[in-house]
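Trainee:
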Amino acid sequence: MLLLRLGLIVLLQVTNASIATFEVKLLKKSDFEMVDSIETIKFCLRPFVELSIIHEECPLGQRIIRKNDFLTFTTIQIPLPPRIHVWQGGYALLVNVTFTNRATLQLRTIGNLSGYGEWKDTQLREINENVYLKGSTRLICTSGFYGPRCSRRCLETEKYKCSPDGIKVCTPEWTGDQCEKAFCPSGCNNGTCSLPGKCRCDPGFSGEKCDQCKPVSGCAHGKCANGQPNTCQCEKGWSGPLCDYDLEYCTRNEPCENGGLCRNEGPKQFTCECPPGYSGQKCEIPVANPCLVEGICSNGGKCSSPAPGAYKCDCPNGFSGEHCQIANFQPTINPCLLNPCQNGATCLEIAEMAKCRCLQGFYGRFCELQSESEKSIDELSAVTLTPAIVIIWIAAFLVLSISIYSLCKLACKRGKFYSKQNCLNAARSRIYKALPGNKEIHPEHNQLSKSDPEKAGSDFSSEVRYSTTPRRIDGKNLANHQLIPEIPDESVIYSEIVHSPRKTRETLENDPEISMICKKIPLRFA
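Numbers -17 to -1, 1 to 509, taken from mature numbering (1 follows the signal peptide of the UniProt record, and there is no 0), label the letters of the sequence shown in order.
As structure tokens, then:
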């Protein structure tokens, strides 16, 4: 029995555009008997056919090993011919051994290989005898060809690598179906990347990330309108298609001299309003006698020219400044302009103060309070009185005063105090009685002692015999008084005006209406 162990290797090579290489590898050459008598070994590769059909032709390639190379070679490589574009998978390998005595030995094997380069054990046998050899084979696609049949073309570049099946796998810097798009950094919205990380801007944009819009060429003082390139939106103070018309020439150039007032008249156009004493386009020419200029001194000021081109304004009282243009007094403001009076009241200015003339049924400083049971007395009436009305009013006042005086006098004698005593300008009243035997009381009962009836240890009793609820204090109403218990004749009735916010104590003491009412009931002011 003849034993031979071989290894078969198929390698992929680019040489001669072969899509793959078939490789045979010997596993153990020392087991091959009669090695010294071997002349040649021929390896023939062809597509798979029936075993009964023996062909000498090797359409997929062949390789011959000489006697001297038999013991040294490791692999036998059989490149597929360039005309083979697709590896079919199935194959038949024929091995013809020729000996020195011209004897021959024919072995063959069949198999199926893919182009993934995996080794696969095989066994070659003689057709009619029990002679065989062992080896291994593989098929390796040539560089640039991939897949089980080495039929898919894929040439690796810096943009992508090739998978075992020949599919392009993009590198991190590239993307797209064919890895044709370079990776762009975040924010490259107005451009594309021809190289990884490099943003190539579209027309009209610039900057590292193409985020800077380019205005139209020649746009002097403007920017892109609404982010659109090749436009020119003017900055403040500029106009024109290219924003080169200066609308604020005065502000940026200050052409007027000597304090002249500059006015913009158009692009790079201006006029100067010269101060008194100067003339010219830019107020650069001094006037010989400025006092000849009309209105150089305001508010009645008198102009004098101490030197050529100079002037001085002598201002009247209440004015100052270079041209007497500053008023140094504060005008009086009518307090009624603030509309302090309420409820339809009329405001009158009296001594720079607002006085409110209330309508009937309202009272208070600003007529803000409403009375349901009493009528207003218009103390600020502006009605013009005829002589007849004046006489009637004086007569009525005298009759009323005499009546009140009589009632008060009678009340003092009888120790009683009747209701509706007309004690004006009072918020509330108190009536006291003096203790019997008080020597400090005047015999005529028309004065009170200076002693304080509410002070501790006083000769006066501080017993409050009468108290009224506070009423209006502007003198327009009658203070309501109720009857009080009997007071002995020898006692003195003491009436006190406790509080009067509208009038001061001195005003009340000097009020003729107060002094003539209830003279027998002296008044004490708190």
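Glycine included, every Cβ here is placed at the ideal spot set by N, Cα and C.
Return the chain-ordered list of same chain residues with a C-beta closer than 6 Å to the C-beta of Lys265, the five sequence neighbours on each side being excluded.
Mentor: Within the same chain, Lys265 has close Cβ partners Pro238, Cys239, Glu240 and Cys255.
Trainee: Take the Cβ of His306 as the centre, count every other Cβ of all protein chains shown within 10 Å, and call the residue buried at 16 or more, exposed below.
Mentor: Buried: at least 16 other Cβ atoms inside 10 Å.
Trainee: Would you tell me roughly how many angstroms separate the C-alpha atoms of Ala378 and Lys338, rounded to the nearest one?
Mentor: For Ala378 and Lys338, the distance between alpha carbons rounds to 28 Å.
Trainee: Should Val447 go down as buried or exposed, given a rule of 16 or more other Cβ atoms within 10 Å for buried?
Mentor: Any reading at Val447 needs caution, since the residue's pLDDT is 38, under 50, leaving its predicted position unreliable; the model's value is listed next. Exposed, because fewer than 16 other Cβ atoms sit within 10 Å of the Cβ of Val447.
Trainee: Which residue wins for smallest C-alpha separation from Cys324, given the options Ile316, Gln308 and Glu351?
Mentor: It is Glu351.
Trainee: For residue 511 and Gly260, what's the separation of their Cα atoms in angstroms?
Mentor: Residue coverage of the chain in this structure runs from -17 to 509, which leaves residue 511 outside it and unanswerable.
Trainee: Return the CA-CA distance between Arg235 and Cys280, expressed in angstroms with no decimal places.
Mentor: The straight-line gap from Cα to Cα measures roughly 31 Å.
Trainee: Could you please give me the residues that DSSP links to Ile123 through a beta bridge?
Mentor: Partner(s): Thr4 and Tyr99.
Trainee: Roughly how many whole angstroms lie between the Cα atoms of Pro62 and Ser1?
Mentor: Between Pro62 and Ser1, the C-alpha separation is close to 7 Å.
Trainee: Considering just the uninterrupted stretch of the alpha helix (DSSP H) at Thr254, what are its terminal residues?
Mentor: Note, Thr254: premise wrong, no alpha helix (DSSP H); beta strand (DSSP E) at Gln252 to Glu256.
Trainee: From the DSSP output, in three-state form, read off Asp52 for me.
Mentor: Asp52 falls in the helix class under three-state DSSP.
Trainee: Looking at C-beta atoms only, is the number of pairs between the region 92 to 111 and the region 75 to 82 that lie closer than 8 Å three or more?
Mentor: Touching, yes, given that three or more Cβ pairs across the two stretches are closer than 8 Å.
Trainee: Tell me Trp221's beta-bridge partners as DSSP assigns them.
Mentor: Answer by DSSP bridge pairing, in chain order: Asp229.
Trainee: Hey, out of Gly170, Lys164 and Phe5, whose CA is closest to Glu141's CA?
Mentor: Checked all of Gly170, Lys164 and Phe5; the closest Cα to Glu141 is Lys164.
Trainee: Identify, in the order they occur along the chain, each residue of the same chain with its Cβ nearer than 7 Å to the Cβ of Pro289, setting aside the five sequence neighbours on each side.
Mentor: Same-chain partners within the cutoff: Lys295.
Trainee: If you compare alpha carbons, which of Cys298, Pro273, Ile48 and Asp194 is closest to Pro291?
Mentor: When only C-alpha atoms are compared, the closest one is Pro273.
Trainee: For the region 194 to 204 against the region 213 to 229, are there 3 or more C-beta pairs whose distance is under 8 Å?
Mentor: At 8 Å Cβ cutoff, the stretches touch.
Trainee: Is the beta carbon of Ala310 sitting closer than 8 Å to the one on Gly301?
Mentor: Cβ atoms of Ala310 and Gly301: closer than 8 Å.
Trainee: At a cut-off of 7 Å, would you count Glu277 as near the ligand SAH, judging by its Cβ distance to the nearest heavy atom?
Mentor: The ligand SAH is not part of this structure, which contains no ligands at all.
Trainee: Determine the direct distance from the alpha carbon of Leu116 to that of Thr23, and round the result to whole angstroms.
Mentor: Whole-angstrom Cα-Cα distance: 16 Å.
Trainee: For Ile24, name the three-state secondary structure that DSSP assigns.
Mentor: Ile24 falls in the strand class under three-state DSSP.
Trainee: Kindly give me the distance between the Cβ atoms of Asn172 and Cys193, rounded to whole angstroms, as I take these residues to be in contact under 8 Å.
Mentor: Contact flag correct, Cβ pair sits at about 7 Å.
Trainee: For the beta strand (DSSP E) containing Val69, name the first residue and the last one.
Mentor: Segment: none, Val69 is in no beta strand (DSSP E) and carries neither H nor E.
Trainee: Can you give the Cα-Cα distance for Ala3 and Cys145, rounded to whole angstroms?
Mentor: About 17 Å.
Trainee: What is the DSSP secondary structure of Phe380, counted as helix, strand or coil?
Mentor: The answer is helix: DSSP assigns Phe380 an H, G or I state.
Trainee: Suppose contacts are defined by Cβ-Cβ distances below 8 Å. Is Ser119 in contact with Trp102 by that definition?
Mentor: Against a cut-off of 8 Å, the Cβ pair of Trp102 and Ser119 comes out as a contact.
Trainee: In this structure, does DSSP put Ile59 in helix, strand or coil?
Mentor: Residue state, collapsed to three classes: strand.
Trainee: Mind checking which residues open and close the beta strand (DSSP E) that includes Leu178?
Mentor: Note, Leu178: beta strand (DSSP E), Gly174 to Leu178.
Trainee: Where does Gln343 land, buried or exposed, given buried means 16+ other C-beta within 10 angstroms?
Mentor: Exposed.
Trainee: Short of 8 Å in beta carbon distance, which residues of its chain neighbour Ile47, apart from the five on each side in sequence? Order them along the chain.
Mentor: So the list reads Thr23, Ile24, Lys25 and Phe26, once near-sequence residues are dropped.
Trainee: Would you mind giving the Cβ-Cβ distance between Phe188 and Lys181, rounded to the nearest angstrom? I have them listed as a contact below 8 Å.
Mentor: 14 Å between Cβ atoms; not a contact.
Trainee: Starting from Thr329 and walking both ways along the beta strand (DSSP E), at which residues does that stretch end?
Mentor: Its beta strand (DSSP E) spans residues Thr329 to Ile333.
Trainee: Among residues of its own chain, excluding the 5 on either side of Gly242, which ones have a beta-carbon nearer than 6 Å to its beta-carbon?
Mentor: Counting only Cβ-Cβ distances below 6 Å, and skipping sequence neighbours, we find Pro258.
Trainee: Leaving aside the five residues before and after Ser262 along the sequence, list all residues of the same chain whose C-beta is less than 7 Å from its C-beta, in chain order.
Mentor: Contacts found: Ile268 and Val270.
Trainee: Identify the residues that DSSP records as bridge partners of Ser303: which are they?
Mentor: Answer by DSSP bridge pairing, in chain order: Ile309.
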